[in-house]
Structure formats: structure tokens, C-alpha cells
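According to the working numbering, the stretch in the sequence shown is residues 44 to 843, in order.
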Amino acid sequence: MRLLLPDLTRFSLRARLSGGVVAIVFLTTIGIASAELYFVKRNMQATIAEEQFERISAIADAVDQKFLSRRTLLKTFGDSVESHNFTGAESLQDLVMQHKSLREAFDNLAFIDAQGEIVANMNGAQQIGKINVKDRDYFQGTVASKAGVISQPFKNRISGLAQVAMTEPVLDPEGRVAYVIAAFITLSEHNFLGELANVKFGKSGYMFIVNTGGIIVDHPDKSRLLQHIDADGVPNTAADRAIAGFEGASEGVNRRGVHALYAFKHIRQTNWVLGAMYPRQEAFAKAEQIERFAWAGALLLTLLAGGLTFMTVRSQLAPLSRLREHMQVSRANSAYTPLEEESGQDEVGDLSNTFDSLMRERRAAQQRVQSSERFLRDVTDNLPAVVAYFDRNQRCLFANKAGLRMQGRTQADVGRMTMQESLPDAVYRQLEAQVAKALQGTPTRTEGTYDRRGKEGFFECHLLPDVRDDGVAGYYVMTFDITERKQAEMRSADSERRLRGLTDNVPALLTELDLEERVVFCNGRYLAWLGIEPASMMNRHIRETIGEAHYDVRKPLLARAFAGEVLSFEQTAQLLIGERTLQTTYLPHRDADGAVVGLYVIAHDVTDLKQKQRQLDALAREDALTGLPNRRSFEEHAREAMARSRRSGKPICLLFLDIDYFKSINDSLGHAAGDAVLREFGRRLKESVRETDMAARYAGDEFVILLEGVDGIAEAGIVAQKVLAAMRPAFHLSGRSLQATASIGVAIAEEDEDLSSLFMRADAALYSAKKEGKNRFMTAEPRTRAAGSVPWPRQEPSSA
44 MRLLLPDLTR
54 FSLRARLSGG
64 VVAIVFLTTI
74 GIASAELYFV
84 KRNMQATIAE
94 EQFERISAIA
104 DAVDQKFLSR
114 RTLLKTFGDS
124 VESHNFTGAE
134 SLQDLVMQHK
144 SLREAFDNLA
154 FIDAQGEIVA
164 NMNGAQQIGK
174 INVKDRDYFQ
184 GTVASKAGVI
194 SQPFKNRISG
204 LAQVAMTEPV
214 LDPEGRVAYV
224 IAAFITLSEH
234 NFLGELANVK
244 FGKSGYMFIV
254 NTGGIIVDHP
264 DKSRLLQHID
274 ADGVPNTAAD
284 RAIAGFEGAS
294 EGVNRRGVHA
304 LYAFKHIRQT
314 NWVLGAMYPR
324 QEAFAKAEQI
334 ERFAWAGALL
344 LTLLAGGLTF
354 MTVRSQLAPL
364 SRLREHMQVS
374 RANSAYTPLE
384 EESGQDEVGD
394 LSNTFDSLMR
404 ERRAAQQRVQ
414 SSERFLRDVT
424 DNLPAVVAYF
434 DRNQRCLFAN
444 KAGLRMQGRT
454 QADVGRMTMQ
464 ESLPDAVYRQ
474 LEAQVAKALQ
484 GTPTRTEGTY
494 DRRGKEGFFE
504 CHLLPDVRDD
514 GVAGYYVMTF
524 DITERKQAEM
534 RSADSERRLR
544 GLTDNVPALL
554 TELDLEERVV
564 FCNGRYLAWL
574 GIEPASMMNR
584 HIRETIGEAH
594 YDVRKPLLAR
604 AFAGEVLSFE
614 QTAQLLIGER
624 TLQTTYLPHR
634 DADGAVVGLY
644 VIAHDVTDLK
654 QKQRQLDALA
664 REDALTGLPN
674 RRSFEEHARE
684 AMARSRRSGK
694 PICLLFLDID
704 YFKSINDSLG
714 HAAGDAVLRE
724 FGRRLKESVR
734 ETDMAARYAG
744 DEFVILLEGV
754 DGIAEAGIVA
764 QKVLAAMRPA
774 FHLSGRSLQA
784 TASIGVAIAE
794 EDEDLSSLFM
804 RADAALYSAK
814 KEGKNRFMTA
824 EPRTRAAGSV
834 PWPRQEPSSA
């Protein structure tokens, strides 16, 4: 026993030592396993978080590329519209319907005028003129900044769908916003994210988008669109951190109390945050499974626990390690090659398949971007303009064929040459100040000259700043050759100067009014006649130029003229040379369709013409030989006298005279003697009647006297006697004297008798006086006795 004691002691010691070793090994294995599991689990969680952030970053890049390509397409389309000067709503509608690429990129696109009215619409004309969006932030922001914006999400007033709008201004030649191009993206449609919308994180994880205001832009639950992420009152601390600016992966709890791994990435083109929610129990299921397996092996195989655990962990992590290595290699290479080995049906396999799908989508997005870039280059290369982009250092990052050809450059020079190097010195000096404005964020437009094959050419250059969140990144340049237009403008200006010289020398006041009765043209006669500078009348209402009183008189005439009637009237005006008579004509100005679009006003000075007309009128009513009224004047006066007689009830009396033996005087002494007798006879006749009576030469040697307001035949006889007495003295002619007497027929107008009848009765009385021996007067019988028979004259006492 004593001999066995040492052996037992040694055995016991060995046993204890073995047990201690085993315990040490067990404890060591447990410690090592615990530490290994801790670091493996932590590394695995970090790897999963990093992979999730890499996936969400790649998706954010893809979304950025989508926005950038759409923005570039919209910018190119807007520049094309601006350069072609499309102004009519009909032409804009046709232009929108022709661009299929716009329909592929956007759910809808509309042209909005400066008042907020939709004038053209990609989804049809039914909304044109019916919707006004001037209160929308994207419209107001575009008009204020004259640059494109991406709007906050909003609800469409027609469809009720959640949408965002991308805008681009169209500027007129004066730099004002003529139209706003608004392209709409429906957030609930799959074409917004494309295949990216199908990306999943585990079995129940999902992807969502919020803006920096906390409004949900995209979410698997479409009912949450346009709601605040904390709308239900349960804050999401992880999302709140991302909205505040955090990027990366973190853990959090969603509104249903699910613990999840979140990853966030900001989208550069917008104020959006792209987020991914991966439930923790799914994200770290593999790590927890590995931990359980490792602890079970440690308990069952104490001595081999450490090694077995290590081998198990390594074997389990090998696919994840290979996947991580593959991810790092794929990030460094531009081309993507899928893993050659087949993925397992576990979380690592799910990660591998998801990463492979994501990278394929990224490659497809890159191909679409390249296709979009090729399309953009095809468009810009075929534009009749120089198109380029320069960064803040004026280094050229893009130029179309026309821009490269200008200085004999090639595509290899893009990225190396500056704007000053790419342009002739004379041209660059003209644009230097405009470049400074563009780099300060102000869109500019300027015109200049250049050497065009040895002759002076003209160009128009537009510089649009590329404004981003951190400031102006660069500027776009679009330059057009406007030589032909400029030459046409100069020819037009020369023609206008010649026309102005012609109209200024026309002896009339020339004015043109628009439909608002404003003066749009007036010639230089206003200065010569009225002392008014024509420039002071331009764009003023006609009321201000002619005065309120004159305008009130002309207003009805202006209304008739604007209705299409040609009007002419005379007016008296006080000119610098005195009071003159102006004849004014209103001529409606019509367009090609016949609609009145303005009014021409022509005012001639007709003062001299009116004076000559009055002189001619007097001559037309006066006998040139005797100076007495002629037959025409007498008959007009006689008709007026008969009208007065009928009103007053006082009769008129007609005396019909001729010179006795006048034909013998004419034949024997000649026409000169006859004219002298007629002149003297007319002078004596005029002196024989009252100023209220009228004596006239009727024809040849026939004369008439019209007496108004006579009391009877006796008063008429006194006048006849006076005439016969006036003719009694001898007529003294050159070299001789002679006697000339007269015969007179007297007729008093009866009630309702016309002038013709009165003449017939007076003529009959004259015939009777001639028959009775001349140098006497006879009165006509009343119509009742003379009707149907030869007049029977009755002789009155005479001096013959």
C-alpha cells in the first residue's frame, strides 16, 4: 500500500493535473470561444451593417443618376425650346407630344406660362387653361431664381397622387421667365425607382425615402406617402438622426416596436434621405445561430471546443468573408463580375444574391446613364448652337461638336482646356463680365461680334449658373450665331429710318393706336405743327395727348373705327401757324385674319383747300360777266325763299326781264359791245332792288328779280317801274352811246305753287310785254284763269 501510495498520489496528482489541465483547457476554450464569438459576432454585425450601408449608398447613387439624367434631359429640352423661340401654345403642345424620351422619363410634363396657367400638357390638352399652379412652391421658386428646382412632395390636385416636380425655366430675349417647364414624377409608381423598388432587406425589411422635413416620399405602405414620419406620435430616433444629417448604419425601433438595423444615405440631387430598415432578428440571425452552435460544441466537446468553435466559425464565416472581399473588389472595379460559386440558402446567401442584384441594377443604371449621355450628346451635337459646361475654374467639362470645331479642338481636350483657351481673345473679352455674373449665381444673356470668315458676325450667348447646395459648381453656356437675324434687324432699322424720314415729311399728322388706344407711332409733324415731341406721346393713352374734352367728343368715333368702320371728319385745331382746318380719317388696322388690331389716324391740313372750295363755290354761283348771281345760285335761293314764304304766309314775286333788241346790238356792234351793255344793265339792275331782294342773270340777255314779303301786285309794279326808269339813261360805250330798254314779266306766287309754275307764268307775262311793244312790264294772270290756255297779260302803267 505504501508502495502504491506514491503511484496513487502521482495518479491523483496526474488526475488532478489532468483535471486541472482539462479545466484550464475547458476554461481557456470557453474564454477563447467567448472572446472569439464576441469579436466574430461584432465583426459580423459590422459587416452586415456596412453591407447594408453599401447597398443603400449604391441605391442612392442610382437615384442620383436618375435625377441627374432627368435634370440634364429637362435642361437640354428647355434650352432647345428657348433657342427656337416657341411662343404659341399650339406649337408647344406639338413639341411636347413629339418627345417620346420625356414620356419615358416622366409621368407627365407641362408648360406653364408666367401667370401659372398650363398651356401645354404631355398627357393631353384637357387640363390646358383649366389649372393654375402659381401658388405652388416649385413654380414660385423657378420664377424667382430663374433656375430649375426639384419640389417638395405634394398631392396632385387632379389625380390626388403623391408627386414631385422637376422644373426648368424658359427665358425670353429680355431674360424674363416666359414659361416654366414642369415635369412630374408619381411617387407611387414603380417607374420612379425602377427595379430598385424591388430591393428587399431580408424577408420583411424594406426601403423608404423621407425629405429633410420628415415627409415620407416613398414607402412600401403607400398610404403613408406625404405623411410625417412621426405622424402617429411615435418618434423614430434613427430616422430623426438621419434627417438631422447623419449618414451610415444604426439601430433603432420602428413604430410597431420592431428592433431593426437602419441605414441612411442622403441623395445629392434633392433634400431626400434614402433609408433601409432590416429587422434585427433577421439581420443578425446568422450570428445568433453561430453563437448557439458554438456554445453547444463547447459544452459537449470541452477539449475540442476552442478548435471546433474556431473551425465552425471560420467555415460559417468563409462565405461572408468571401462576399466581403468580393464587395470590396467590386467597389474598386468599374465592371462587375458575379460570384462564381453558388450562394447558399441562408442569410449570407441572401446577402450575396441581394448584392449581386444591386450591382446588376447599378450596372444597368450606368448603362442607362451612358445611353442618356449619348442621347444628350446626339441632341447637343445636332443643335445649331455651341453648347458647353465649365466648372468654377472655367475648365471645360463638356462641349458639343460645334464648340469643339470653333477652335479646332477635339474631345481629348475636354477637361484640360479653359474657357479662355477655347475662345478667340476678342470673344472672351466680351464674355468675361458675364462669366463673373454666372459664377455669382445670376443667369445672363449677351450679344457680341466675332470674325466670321473675314467679315463681322454676331452671336448671342446664354450663361446659366449650376447652383447646388454648396454654391455655384459651374455654368452652362449656349451660343447661337445670330448674324442673319442681326443683319435683318439692321436692314429693318435702316428701312424704319427711311420710313420715319418719309412719314416725317408727309404734310399730315400720322398716328397709330393699339387696341388699348395707346400711341405706338406718330410722325414728326407733331413737332412742326403743334410743338409736341413725338417721343413724349409714345405709349401714352390718346386721352392724354388730345385732352379730356376732345377725347369725349372723339370717343364714339373711335369706338366705331375700332369696330371696323372707316371714318372721316373735319375739325378746327390751333396750330403753331394759327387756327387751321384739319380733315381727320380713322382707318382700322387689320391682321391677316381680318381682325382689327389697331387704328391709323391721318389728319390733313385742308384750310387752303377749304378756302379755294369756298372761292370756287362762289364762282360757281356768280355770273362772271355781270357779277350778279347766276342761274344756279338764283334757283337755290328761290327754292329757299318759297320755303320761307310757305312758313310765313307772305308771298314772293318773280320779275322776268330781257333786253329789248339785244340781238341787233350784238349783231351790229359786236359781242364786245353786247358784253358792255350786259355789264351796265346788271349794274343798274342791282342798284334798283333792295338788299333783301335778289337780282340775277338767268341766261343770255335774260335777268330775274326775286322779291320776298311783298304786299301785292302794286308793290311789285313799283319795283318794275324803278327798273324801267334805271334803264332809261343812255348806255355809254367806248366811242358811242345807245339806248337799251327792257321788257318785264311779273308773277306773284300763289299758295302751293312751285318754282317751275311761277317761272312759266312770269315768262308768259314777259312774252305779253314784248308783244305789246316792249319797254314795259306785264303781270301774269292767276293760275285758275290761265290753266289750259295762253296767259292773258294785263298792262300796267309804265313810263314807256
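Heads up, the beta-carbon is just placed ideally off N, CA and C, and yes, glycines get one too.
- In the three-state reduction of the DSSP assignment, Thr-380 falls in the coil class, being assigned neither a helical nor a strand state.
- Restricted to the stretch 434-497, the alpha helix (DSSP H) segments that are unbroken, complete and at least 4 residues in length are 444-449, 462-465 and 468-482, listed in chain order.
- Listed in chain order, the non-local C-beta contacts of Glu-576 below 7 Å within the same chain comprise Leu-570, local neighbours out to five positions each way being set aside.
- Counting of Cβ neighbours within 10 angstroms places Gln-654 among the exposed residues, the total staying below 16.
- DSSP places His-127 in the helix class (H, G or I) of the three-state scheme.
- For Leu-204, there is no enclosing alpha helix (DSSP H), as DSSP gives it neither H nor E.
- For Lys-243, there is no enclosing beta strand (DSSP E), as DSSP marks it with neither H nor E.
- Classified as exposed, Tyr-81 has fewer than 16 neighbouring CB atoms from the shown chains inside 10 Å of its CB.
- Note on geometry: alpha-carbon atoms of Lys-143 and Ala-153 lie some 14 Å from one another.
- Between the alpha carbons of Val-720 and Ala-773 lies a gap of roughly 10 Å.
- Sixteen is the threshold: when 16 or more other Cβ atoms of the shown chains lie within 10 Å of the Cβ of Asn-818, as they do, the residue is buried.
- The residues Pro-508, in chain order, have a CB closer than 8 Å to that of Thr-485 in the same chain once the five nearest residues on each side in sequence are set aside.
- Under DSSP, Leu-712 takes part in no beta bridge, so it has no partner.
- Annotation: Val-124 to Met-165 spans about 15 Å, alpha carbon to alpha carbon.
- Of the other Cβ atoms in all chains shown, fewer than 16 fall within 10 Å of the Cβ of Leu-619; this residue is therefore exposed.
- Per DSSP, the continuous alpha helix (DSSP H) segment holding Ile-286 begins and ends at 280-286.
- With contact defined as three or more Cβ pairs closer than 8 Å, the stretch 306-321 and the stretch 286-296 are in contact.
- With respect to Val-253, Ile-286 sits close: the two C-beta atoms are nearer than 8 Å.
- A contact is defined here as three or more CB-CB pairs under 8 Å, and the stretch 624-642 fails this definition with respect to the stretch 679-698.
- Spatial neighbours of Gln-614 in its own chain (CB-CB distance under 7 Å, excluding positions within 5 residues in sequence) are listed in chain order as Leu-625 and Thr-627.
- Bridge partners of Val-253 according to DSSP: Ile-259 and Val-316.
- Residue environment for Ala-738: buried (at least 16 other C-beta atoms within 10 angstroms of its C-beta).
- Shortest Cα-Cα distance from Tyr-704 to any of Ile-645, Lys-813, Ile-748 and Val-753 involves Lys-813.
- As the crow flies, the alpha-carbon of Arg-804 is around 31 Å from that of Leu-781.
- Our two residues, Ser-266 and Arg-179, have alpha carbons roughly 23 Å apart in a direct line.
- Checking the DSSP bridge columns, you'll see Asp-557 partnered with Gly-641.
- Take Gly-458, set aside five residues on each side of it, and the residues of its chain with a beta-carbon closer than 8 Å to its own are Arg-438, Cys-439 and Leu-440, in chain order.
- Distance between Ala-187 and Tyr-181, taken at the CA atoms: about 10 Å.
- Ala-105 is positioned such that its CB atom lies closer than 8 Å to that of Glu-404.
- Runs of the beta strand (DSSP E) spanning 3 or more residues and lying entirely within the stretch 743-811 occur at 745-751, 774-776, 779-781 and 785-791, in chain order.
- C-alpha of His-593 to C-alpha of Pro-599: approximately 11 Å in a straight line.
- In the structure shown, the three-state DSSP call for Gln-195 is coil.
- When Ala-742, Gly-717 and Val-753 are compared, the shortest CA-CA separation from Arg-733 is found for Val-753.
- Remark: C-beta atoms of Gly-725 and Gly-778 do not approach each other more closely than 8 Å.
- Assignment of alpha helix (DSSP H) within the stretch 497-576, counting only whole runs of 4 or more residues, yields 526-547 in chain order.
- Residue Asn-673 holds the alpha-carbon nearest to the alpha-carbon of Tyr-741 among Gly-788, Ala-715 and Asn-673.
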